[in-house]
Amino acid sequence: MSTWIPESASNLAASVDNITLFVTIVSVFFFVLISAVLVAFSIKYRRKSEDQETAYITHNPVIETIWTIIPTILLMVIFAWGWIAFKELRNPPAEAIEVNVVAKQWLWEFEYFTGKKSLNELFVQQNKPVRLIMRSDDVIHSFFVPQFRVKQDILPGSYQQLWFTPTKVGTFDLLCAEYCGSGHSKMLAKVNVLSPEAFARWEKGDELEDGPALAAISVSPVERGKDLYSQRGCLACHSVDGKEVIGPTFKNLYGKTEKLADGSSVLVDENYLRESIYEPQAKMVAGYAPTMPSFKGILSEDEVTALIEYIKTLK
Amino acid sequence: MANGVMTQTQHIPYLAQKGLKSWILTTDHKRIGILYLVTISFFFMIAGLTALGMRYELMTPELDFFRTATEYNVAFTLHGSLMVFFFIVPGIAASFGNFLIPLMIGARDVAFPRINLLSFWIYLVGTAILLSALAQPADTGWTFYTPYSIQTGTKVIMITLGVFVLGFSSILTGMNFIVTIHKLRAPGMTWSRLPLFIWASYATAILQLLATPVVGITLLLLIAERAFDIGFFDPAKGGDPILFQNFFWFYSHPAVYIMVIPAFGIISEIIPVFARKPIFGYKAIAYSSFAIAIISFFVWLHHMFVSGISETAAAIFSFLTMLVAIPTAVKVFNWTATLYKGSIDFHSSMLYALSFIVLFTVGGLTGVYLGALAVDVHLHDTYFIVAHMHYVMIGGTVMGFFGALHFWYQKWFGKVFDELTAKIAWFLIFVGFNVTFFPQFFMGFQGMPRRYATYPEEYISYHALSTYGSWILGLGVLIMTVNLLIPLWKEGRPESSNPYGSLSLEWQVPSPPPHENFDEIPTVTDWTYAYGKK
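Chains as they are written, first to last, in the working numbering: chain Z, 111 to 425; chain C, 123 to 656.
In structure tokens:
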């Protein structure tokens, strides 16, 4: 590990580090410049006698313009570069593997596509992009892995996403970066980056054990979502095959842009689906009657997450 | 530069009257300034001690000084909220602002002396409410982020109510100073002749007036949510936690400039006097204070780049954040250029001013890292932020404050401190500060999150170094304080009423000044910085 910056272990680390290096060069240059000038002036113009000659200089438009323009240019370069890299950080590739993350005081739960769950240990495969869909059960937490250069606050009441492609096999610290109470500094977990072979073995459950409290649940979220779809009555109004019943069909719903009754439009993502289950009338799709009841208190956050996972498979 | 200046023996100094009543009912801006100075210094000491406690705890990775993590969390909450709301926000603006503004513009007092006293009383009520909460203080951090601040079992209401009440003091003081600067300038004291401390105080007063109500309302909503269960911010009750962050930073970002702009003003006063040079680029410094004040209202989202805001919002606010860096950089260049071809005397206050330039430059440059979106993602909520913020707040504001204490000490109190001891204290403070906070930049790069009562082993050497630094810093502040307190109990007066050869009006009256400041209101014939003019 270098003393300056932690090891880089994700696809995103290099571009972040390049900007950091550039900002560091600029900063060191200006710091040395100002300090050197300050010290040089302090020595050269120190008061040697009470009647020492001084110059009456009040301003100088040329030099003032120069030292306004140069920092402006450098700052604009830093801004643009930072923004470009930020766009990469914020936009996961379509093929990313999804993992549901629940942060709560003071632990981390991970649920994988296969229905596997793990506690305080996230398992990912080397060189495969991962997209985390994260929610909090209580207060704000923040997912932070220094070696990946990623961080995202996790809020109660909505989903936040974060993605990365781990590039190095190993175990990395996952830290909670948003203060969340007395257990905050103990809200630590591990990210295990496994080679494709090891990951396949782990998926089959050969080698690694799940947390004892969670081992009992092994139905995948999609399966649970499918059950909920019929048990909780969604099917009465929403088809899965594209037929129009009472509400919009679930087929091809995820990722679509819907026109709303008020003329605006909305992208159907995890947060929109969650909101429409808990508060159906908040953003009504044009052409439908506001008849759906709220499922607040009927479907838990976990069940909503599972339902959304199911809806996402309906293509 | 000024006519009609009185001689030293003619009048009774403003400090002559004794007794409690002469203080608690005073409407003299110089005395009210002292009342603020004593109160903010008291909170600075308390908050400083909690910081030493936190640093001592962090010597080792495990809990060993505090009994529980909650005690540590309470300590950093107290440290942050006392330092921010009770020391640094009222800080220079209320203490030196009160003392200096009327003297510098050639007035007998502020525009509304009774409202000025009222501001102080409101400030005291706020502090009393806060002190009553100290028995069981909050553990939310000074930012009171929801929904944690709604769900925690510790007492949040009293501390936020204290801050709410303080806000009114801030608003009234800001209003008072704006009117004073507009209406009470002496004949000939045009806007382009004003000392830069006045320009800075004016910019600060506008921020106080416009931004403070927002934090007042926000904290009131928070209290309403806790006390009456109304769901503004907690999603469990249908609220929005990010709304709180928007409200909070809409105040608290401009507040950063409420804290630091007065220090800009102080540095602009000290450097020309001890370099015997006109300030370089007067207009650039004066206007840049305003530019910073205005832009500072539109950068608050840079505290929330990882909170889930949209990409577009993040880009706009990153851009505006870069804009605010430009006038700040220009100021640093101006102060440095003022030294060119000067005659520099290294008085203790000048040492603080020069170290301000160096340390504030570090604070400003590290701010650029945080303004760059992708870099901020990595550094957000780590010790890098802690270090950056302290380089701005201590390296900037506190260095300015200490510099001001040493510069105007003779004028304000009519006493003389020991200069050699002051220089030793400055040296310890400068070294101690850097040893404490510089390693924290590296810790932050490595990924050490802030607000951790315990931490992974790998950060131990940085933390230990930082703790040693805090002892040097603490010792320096102690020596400085004792050195400034001792003369107050001793006989003796300054030999000259203007020992450093300042051209500013406050130095043309006796030390300490008489109650009415000026025998006759002076007529100003040249600008404040005409040093070496032929």
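No residue lacks a Cβ here, since even glycine has one placed at the ideal position from N, Cα and C.
Keep in mind the model is a prediction, meaning the values are calculated, not measured.
Margin query: Please return the same chain residues whose Cβ sits closer than 8 Å to the Cβ of Z/L424, not counting the five positions on each side in sequence.
Written below: When the five nearest sequence neighbours on each side are left out, the beta carbons in the same chain lying within less than 8 Å of the beta carbon of Z/L424 are those of V350, F360, K361, N362, L363, Y364, in order along the chain.
Checklist line | 3 or more residues per run - each beta strand (DSSP E) lying fully within the region 351-428 of chain C | finding: Qualifying beta strand (DSSP E) stretches: none in this window.
Checklist line | Residue environment, C/W264, which counts as buried when at least 16 other CB atoms sit within 10 Å | finding: When all chains shown are included, C/W264 counts as buried.
Next item on the list: Go ahead and pull the three-state DSSP assignment for C/T131.
Entry: Below a pLDDT of 50, predicted positions are generally treated as unreliable, and C/T131, at 47, falls in that range; no measurement from the model is reported.
Note to self: To the nearest angstrom, how far is the alpha carbon of Z/W216 from that of Z/T281?
What the structure shows: Distance between the alpha carbons of Z/W216 and Z/T281 is about 20 Å.
Margin query: Tell me which residues share the same chain as C/P636 and place their Cβ nearer than 7 Å to its Cβ, disregarding the 5 neighbours each side in the sequence.
Written below: The beta carbon of C/P636 sits closer than 7 Å to those of H133, I134, P135, Y136, all from its chain and outside the five residues before and after it, given in chain order.
Margin query: For C/L658 and C/S440, I'd like the C-alpha separation in whole angstroms.
Written below: Residue coverage of chain C in this structure runs from 123 to 656, which leaves residue 658 of chain C outside it and unanswerable.
Note to self: Quick check on the DSSP output: the alpha helix (DSSP H) that includes Z/K278 runs from which residue to which?
What the structure shows: No alpha helix (DSSP H) contains Z/K278, which DSSP labels as neither H nor E.
Note to self: Any beta carbon from chain C within less than 8 Å of Z/D372's own beta carbon?
What the structure shows: Among the residues facing chain C, Z/D372 is not included, as its CB has no counterpart in that chain under 8 Å away.
Item checked: In DSSP terms, what C/T504 is bridged to -> The partner list for C/T504 (beta bridge, DSSP) reads C/P571.
Notebook entry, point to check: Between which two residues does the alpha helix (DSSP H) carrying Z/E411 extend?
Noted result: Per DSSP, Z/E411 belongs to the alpha helix (DSSP H) from 411-423.
Margin query: Please report the straight-line C-alpha distance between C/V337 and C/H201, rounded to a whole angstrom.
Written below: Approximately 19 Å between the Cα atoms of the pair.
Margin query: Cutting at 8 Å between CB atoms, please list the residues of its own chain near C/V454, excluding the five before and the five after it.
Written below: Result list for C/V454: I479, F482, T483, G486, in chain order.
Next item on the list: Name, please, each residue of chain C whose Cβ falls closer than 7 Å to the Cβ of Z/G295.
Entry: As written in the sequence, residue 295 of chain Z is Ser, which differs from the Gly given in the question. Those are A191, Y574, A575, T576, Y577, listed as they occur along chain C.
Checklist line | N-terminal and C-terminal residue of the alpha helix (DSSP H) that C/D261 is part of | finding: Per DSSP, C/D261 belongs to no alpha helix (DSSP H) and is neither H nor E.
Item checked: Three-state class that DSSP yields for Z/D263 in the structure shown -> Note: Z/D263 maps to strand in three-state DSSP.
Notebook entry, point to check: Between the region 155-186 of chain C and chain Z, which residues of the former have CB atoms less than 8 Å from a CB of the latter, in chain order?
Noted result: Of all residues in the region 155-186 of chain C, none comes within less than 8 Å of chain Z when Cβ atoms are compared.
Next item on the list: Could you check what DSSP says for C/G141 in three-state terms: helix, strand or coil?
Entry: Coil at C/G141, not helix or strand.
Next item on the list: Please confirm whether Z/A308 and Z/L284 have their CB atoms less than 8 Å apart.
Entry: Not closer than 8 Å, so no.
Next item on the list: Measure the C-alpha to C-alpha separation of C/Q532 and C/I251 and round it to an integer number of angstroms.
Entry: If you take the alpha carbons of C/Q532 and C/I251, they lie about 34 Å apart.
Item checked: Pairwise C-alpha distance: C/S619 and C/N220 -> Rounded to the nearest angstrom, the two C-alpha atoms are 20 Å apart.
Notebook entry, point to check: Within 8 Å (strictly less), CB to CB, does Z/L424 reach chain C?
Noted result: Chain C contact via Cβ: absent.
Note to self: Using CA atoms only, rank isn't needed, just tell me which of C/R315, C/P317, C/V211, C/F355 is closest to Z/L265.
What the structure shows: Looking at the Cα atoms, C/F355 is the closest of the given residues.
Check: Who are the neighbours of Z/E288 on chain C, taking C-beta pairs under 8 Å?
Finding: Listed along chain C are Y267, D503, each with a C-beta nearer than 8 Å to that of Z/E288.
Checklist line | Proximity of C/I516 and C/F555 at Cβ, strictly below 8 Å | finding: Against a cut-off of 8 Å, the Cβ pair of C/F555 and C/I516 comes out as a contact.
Notebook entry, point to check: Does DSSP put Z/L324 in a helix, in a strand, or in coil?
Noted result: Caution is warranted here: a pLDDT of 42 is assigned to Z/L324, below 50, making its placement in the model unreliable, and no coordinate value can be reported.
Margin query: Please report the straight-line C-alpha distance between C/M570 and C/T488, rounded to a whole angstrom.
Written below: The alpha-carbon atoms of C/M570 and C/T488 are separated by roughly 17 Å.
Notebook entry, point to check: Does DSSP put Z/L232 in a helix, in a strand, or in coil?
Noted result: Three-state result, Z/L232: strand.
Note to self: Suppose you measure from the CA of Z/E174 to the CA of C/A406; what does that come to, to the nearest Å?
What the structure shows: For Z/E174 and C/A406, the distance between alpha carbons rounds to 8 Å.
Next item on the list: Flag this pair as yes or no: are the beta carbons of C/I364 and C/S432 separated by less than 8 Å?
Entry: At a Cβ-Cβ threshold of 8 Å, C/I364 and C/S432 do not count as neighbours.
Margin query: Tell me which residue opens and which closes the alpha helix (DSSP H) that C/Y194 is part of.
Written below: C/Y194 -> alpha helix (DSSP H) spans 191-203.
Next item on the list: Would you kindly work out how many angstroms separate the C-alpha atoms of Z/A392 and Z/K406, rounded to a whole number?
Entry: Z/A392 and Z/K406 have their alpha carbons spaced roughly 13 Å apart.
Margin query: Looking only at its chain, what residues have a beta carbon closer than 8 Å to the beta carbon of C/P269, apart from the 5 residues adjacent to it on each side?
Written below: Counting only Cβ-Cβ distances below 8 Å, and skipping sequence neighbours, we find F355, D356, P357, A358, G361, P363.
Notebook entry, point to check: Can you check whether the CB of C/G654 is closer than 8 Å to the CB of Z/A165?
Noted result: Between Z/A165 and C/G654, the gap from beta carbon to beta carbon is short of 8 Å.
Note to self: Once DSSP output is grouped into helix, strand and coil, what is the label at C/V211?
What the structure shows: Three-state result, C/V211: coil.
Note to self: For C/M205 and C/S390, what's the separation of their Cα atoms in angstroms?
What the structure shows: Approximately 24 Å between the Cα atoms of the pair.
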